[in-house]
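In order, the protein sequences belong to chains A and B. Residues in the first sequence are numbered from 6 upward in steps of one, following our numbering. Residues in the second sequence are numbered from 5 upward in steps of one, following our numbering. Built from N, CA and C at the ideal position, the CB exists for glycine as well.
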Amino acid sequence: MDPIRRSLLGQLARLSAGAAMVPLSSVASAGINQQPPRREGDPSKRYGMLIDLRQCIGCQACTVSCHIENAAPLGSFRTTVSQYEVAHQETGEVATFMLPRLCNHCENPACVPVCPVEATYQRQDGIVVVDSDRCVGCAYCVNACPYDARFINERTQTADKCTFCAHRLEAGLLPACVESCVGGARIIGDMRDPQSQISRMIAEHKDELMVLQPEKNTLPQVFYLGMDERFVTRPDAEPVALDVLDPHGKEMGYEFGH
Amino acid sequence: MNSAIELLAPRYDIAWYPWAVQYFFMIALSYASLWLAAPGLVFGKSRWLPTARLALLACLTTTLVAPVALLADLHQPLRFWHFYAYANGHSWMSVGSLILPLYVVGVIVLAWLAWRPALQANRQAPGLQGFIARWASLGESPTPRALLVLVGLATLALSTGIMLYTGAEVAIVKARPLWHTVWLPPMFVATGVIAAAGLILLLNRVAGERSTTVTGQMLKVMLGACLAAGLIAGSWFLDGINANVGSVAAALESVRGSAEWRSTALWGGLTGVALFGALLYLLTRPAARRPALFAWAWLLGLVALHVGWMFRWVVLMDVQTVARHSAGFHHYGVPAGSSGVLGIVGTFGLWLAAILLVDLFVPWRQARQGGRGADVSPAPASAASPDSSQEHAPEGAPHHG
């Protein structure tokens with residue numbers, strides 16, 4: 006990707022992160038693919054997360070603790086940390102870039118209006134959840150999410166995703182990923198409370214914050230501090246490991262692509 | 005930025021299975037063949053009646069099978085009633101779930117009205133055929149032509165709803181840039197018409213009708229649909245060629261980055277050009293040579309079905325393997341079980357069974373625009389088409405079972 010386009014996307018990313026600070030009056034429109042009204046949750050709060058990438062060491066403690074807390078099936082993740090080896094363009098020096106990913110609990114979530122039975126909905130505190138008793142497993146939301154934050158849980162055969170550990174928040178606890186983060190890189194809180202840590206950090210670092218794929222107009226509410234703008238969109242990188250298949254097409258293991 | 009390597013990222017499975025391809029294929033055949041049946045059955049063009057009879061058979065059977073594939077693509081098929089208990093007007097899929105049953109009922113009623121006079125004429129037939137004819141024809145009263153036209157028009161209107169919702173449902177998904185283009189819904193329709201015309205060419209041969217009128221009409225329709233598809237594909241390409249993001253940019257990126265996508269693009273292009281060339285060749289031959297050449301048109305029908313099915317496979321399955329959030333492509337091998345090969349084969353098997361059952365018990369070759377049982381001439385062969393050059397098996401197909 007050319008540098009101009011990259012920097013444009015970077016600008017866009019900052020712009021969108023900024024726009025999300027403006028308290029959005031919820032749009033009550035009734036058109037197809039518009040957001041249905043929010044329900045449940047505390048309307049006086051708006052949860053969001055700030056991830057300070059300068060503190061992330063890529064230990065995957067969040068991945069593991071989330072997996073245990075939420076009993077996701079093996080191979081499916083509500084949160085995970087992507088890791089990239091990046092070479093400096095001039096010196097060739099190699100560094101590792103860590104990118105924790107989870108549901109962005111967007112202000113304009115692409116997954117919510119597509120649900121044909123309103124099983125997935127946004128609470129008034131901004132958290133996007135799934136009612137697994139109602140979900141028909143059509144997987145439309147899985148395809149609609151640009152962040153691969155959703156999956157079909159093979160055990161429940163319904164859509165599954167990060168809930169900011171709403172059950173823990175309600176009990177006054179931090180989400181499992183935040184609780185277990187060794188570097189304190191993940192900060193969750195109520196963005197409507199100006200005294201919360203997240204509000205203060207957002208105010209402090211306003212111009213440096215970025216969100217993922219701002220051009221999708223989903224207005225993500227997970228903000229990255231210390232982000233490399235080249236990773237804001239789909240990374241232009243050599244893909245992860247290549248699957249090694251046996252002659253019957255069964256997976257034997259991985260190997261790297263080079 | 006090729007200096008970056010993705011060391012660690014989860015593997016993301018596809019979310020829509022081949023069932024979705026089967027649904028999109030079947031429902032496209034259904035609405036397109038409905039429109040091919042319309043001139044003869046609804047608008048009363050008698051030259052189109054032989055085509056309409058084959059098209060109605062294609063339409064009814066695909067309409068019955070399509071929702072089965074759609075249900076199977078749900079991970080919780082038994083919760084389908086949630087679509088009606090908790091309908092969400094914000095979702096195209098929900099809108100579709102309201103249109104689809106109405107459309108299915110419309111097609112069933114239309115087929116019943118068109119077949120009823122022939123069923124009435126068949127009431128005296130021996131055995132199960134006669135029993136079904138007596139039971140399904142619901143009395144001896146004539147079938148009002150106006151009612152058939154009315155149901156036909158309503159079903160045609162509903163079919164445009166199906167075209168719109170199946171296209172929009174996919175095209176609104178911003179998360180998959182390859183889908184997110186206004187040119188996708190019309191392309192679904194154009195390739196659907198190509199495939200439906202191909203299916204009718206094939207049925208024309210397999211059912212023993214071998215009508216050159218039908219072949220000529222379907223070749224022309226297919227040529228028109230090919231032109232439309234070419235125009236749509238061209239517009240899509242020119243529309244996006246200068247954009248850095250979007251559907252065309254994503255397609256070019258995929259073609260650049262993957263040998264599989266390159267061969268898919270090449271295969272699709274070559275097949276389209278070959279089909280178009282063959283159609284032009286067949287339609288420009290002198291009239292005297294046409295019957296001999298048209299006898300092979302069913303082969304083009306197979307190619308057309310391939311085009312319609314492959315387009316849906318590439319759009320719905322292959323696009324899901326393009327990583328949207330991580331680097332490269334996800335591996336997808338079609339599994340052997342019901343969410344893979346078995347589902348694909350099973351859908352086609354069910355469809356074949358539906359065609360055979362209709363063929364066994366319903367005198368579909370005498371479908372007509374309403375009227376009385378007495379209007380239907382008893383021999384299936386004489387009801388076929390004005391061009392009597394084709395050879396009919398004297399016993400007629402309904403007895404071959």
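Taking 8 Å as the cut-off between beta carbons, the residues of the segment 15-26 of chain B near chain A are Arg-15, Tyr-16, Asp-17, Ala-19, Trp-20, in sequence order.
Straight across, the Cα-Cα distance linking Ala-118(B) with Thr-159(B) is about 13 Å.
The beta-carbon of Leu-78(B) is placed less than 8 Å from the nearest beta-carbon of chain A. Shortest Cα-Cα distance from Trp-300(B) to any of Ala-232(B), Thr-216(B), Val-349(B) involves Thr-216(B).
Within chain A, Ile-37 have C-beta atoms less than 7 Å from the C-beta of Val-99(B), given in sequence order. Contacts between Phe-82(A) and chain B, judged by CB atoms closer than 9 Å, involve Pro-14 in chain order.
Note on geometry: alpha-carbon atoms of Leu-157(B) and Arg-106(A) lie some 51 Å from one another. Separation of Val-311(B) and Leu-214(A) (C-alpha to C-alpha, rounded to the nearest whole angstrom) is 47 Å.
Val-99(A) sits exposed, since fewer than 16 C-beta atoms from the chains shown fall within 10 Å of its C-beta. For Trp-183(B), the closest of Thr-219(B), Gly-228(B), Gly-250(B) by C-alpha to C-alpha distance is Gly-250(B). If you compare the alpha carbons of Ala-56(B), His-86(B), Ala-24(B), Val-186(B) with that of Arg-369(B), the shortest gap goes to Ala-56(B). Listed as beta-bridge partners of Arg-191(A) by DSSP are Ile-56(A).
The criterion of a C-beta distance shorter than 8 Å is not satisfied by Pro-151(A) and Ala-124(A).
Judged by DSSP in its simplified three-state form, Tyr-90(B) adopts coil rather than helix or strand. Cβ neighbours of Ala-194(B) within its own chain (closer than 7 Å, five residues either side excluded): Ala-229, Ala-232, Ala-233, Ile-236.
Of all alpha-carbon atoms in Arg-214(B), Phe-29(B), Tyr-21(B), the one lying nearest the alpha-carbon of Val-147(A) is that of Tyr-21(B). Bridge partners of Ser-87(A) according to DSSP: Leu-104(A). Within the same chain, and ignoring the five residues on either side of Leu-114(B) in sequence, the residues whose Cβ sits closer than 6 Å to its Cβ are Val-155, Gly-156, Thr-159. In this structure, DSSP gives Met-314(B) a helical state, which the three-state scheme calls helix. As computed with DSSP, Gln-127(A) is found in a beta bridge with Val-133(A). The C-beta distance from Trp-355(B) to Val-69(B) rounds to 5 Å, short enough to fall under 8 Å. Of all residues in the segment 212-242 of chain A, those with a C-beta nearer than 7 Å to a C-beta of chain B are Glu-220, Lys-221, Arg-235, Arg-239, Pro-240, Asp-241, Ala-242, reading in chain order. Around the beta carbon of Ser-50(B), a 10 Å sphere encloses fewer than 16 other beta carbons of the protein chains shown; the residue is thus reported as exposed.
Sequence-distant partners of Ala-308(B) (beyond 5 residues in either direction) whose C-beta falls short of 7 Å from its own C-beta, in its chain, are Ile-198, Ala-199, Ala-201, Gly-202, Met-226, Leu-279.
Under the rule that a run must span 3 or more residues, the beta strand (DSSP E) segments found entirely inside the segment 146-197 of chain A read 156-158, 163-165, 191-195. Only residues of its own chain outside the window of five on either side were considered, and among them Leu-304 have a CB closer than 6 Å to the CB of Ala-282(B), listed in chain order. Contact between the segment 198-208 of chain A and the segment 166-173 of chain A is not established, with fewer than three Cβ pairs separated by less than 8 Å.
When 9 Å is used as the limit between beta carbons, Gly-46(A) is near no residue of chain B, the shortest such separation being about 19 Å. Per DSSP, reduced to three states, the secondary structure at Ile-176(B) is coil, with no helix or strand assignment. Considering only beta carbons, the part of the segment 130-144 of chain A lying closer than 8 Å to chain B consists of Arg-139, Cys-140, Val-141, Gly-142, Cys-143, Ala-144, in chain order. Under DSSP, Phe-333(B) forms a beta bridge with Val-326(B).
Here Gln-226(A) is buried, its C-beta having at least 16 other C-beta atoms within 10 Å.
For Gly-53(A), none of the residues of chain B pass the 7 Å Cβ criterion, the least Cβ distance being about 20 Å. Residue contact check for Ser-7(B) against chain A: a CB pair falls below 8 Å.
Scanning Glu-74(A), Cys-67(A), Ala-76(A), Gly-131(A) for the CA closest to the CA of Gly-194(A) turns up Gly-131(A). A check of alpha carbon separations from Thr-85(A) across Ala-92(A), Gln-94(A), Gly-97(A), Met-103(A) identifies Met-103(A) as the nearest.
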